[in-house]
Amino acid sequence: MSPRFSVRTSDASPPGVDRRCLNRGNAPAEFVLVSGLLVALALATLHITLVTHVRHTLQASAWEGARLASYYNATSADGADLTRRLITVGLGPGYAETIYAGRATVDGQPVALVSVVAPLPTVGLWSLGGEIRVEATAPLERPD
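For the sequence shown, the positions run 1 to 144 when the UniProt record's numbering is used.
Rendered as structure tokens:
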């Protein structure tokens with residue numbers, strides 16, 4: 001015959017105490033902790049989405065400006081003006097402050113170049129700071 005041992009585990013309730021009473025009050029604390037994490041995760045996702053949207057809008061505007069500046073009868077200033085108008089309509093004037101348009105050479109090919117520098121967007125009072133830089137080129141048109 002083997003001796004009988006009484007083993008008590010951590011989830012066993014003390015004698016005379018209902019097990020349901022031991023977990024009372026845990027739900028509000030868990031809710032506060034989990035909801036705080038979920039709100040932070042949602043705000044981070046929103047911020048990443050907003051930064052991606054702003055970057056893509058800036059890139060598309062720069063491409064259109066470079067395309068216009070690459071025409072034979074257009075100037076670099078025309079490309080910069082179009083880029084500025086597109087950014088102002090799409091995002092607001094605060095993002096269209098620093099725009100450079102000019103000519104460059106890429107792999108021996110003359111191109112029209114449009115470069116945009118804009119601030120990172122802010123979600124509420126929270127921002128990482130910094131700036132977004134995009135650049136677009138289009139081959140220059142040659143009269144034949």
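Ideal Cβ placement from N, Cα and C applies to all residues, glycine included.
The alpha helix (DSSP H) with Ser61 in it runs from where to where? 26 to 69
Could you name the residues that DSSP lists as bridge partners for Pro110? Thr105
Return helix, strand or coil for Thr122, following the three-state DSSP convention. Thr122 sits in coil when the DSSP states are folded into three classes, being neither helix nor strand.
Considering only the alpha carbon of each residue, which of Val106, Val32, Asp81 lies closest to Ala96? Asp81
Can you tell me the Cα-Cα spacing of Pro121 and Arg24, whole angstroms? 44 angstroms
Taking 7 angstroms as the threshold (C-beta atoms), are Gly65 and Thr88 in contact? no
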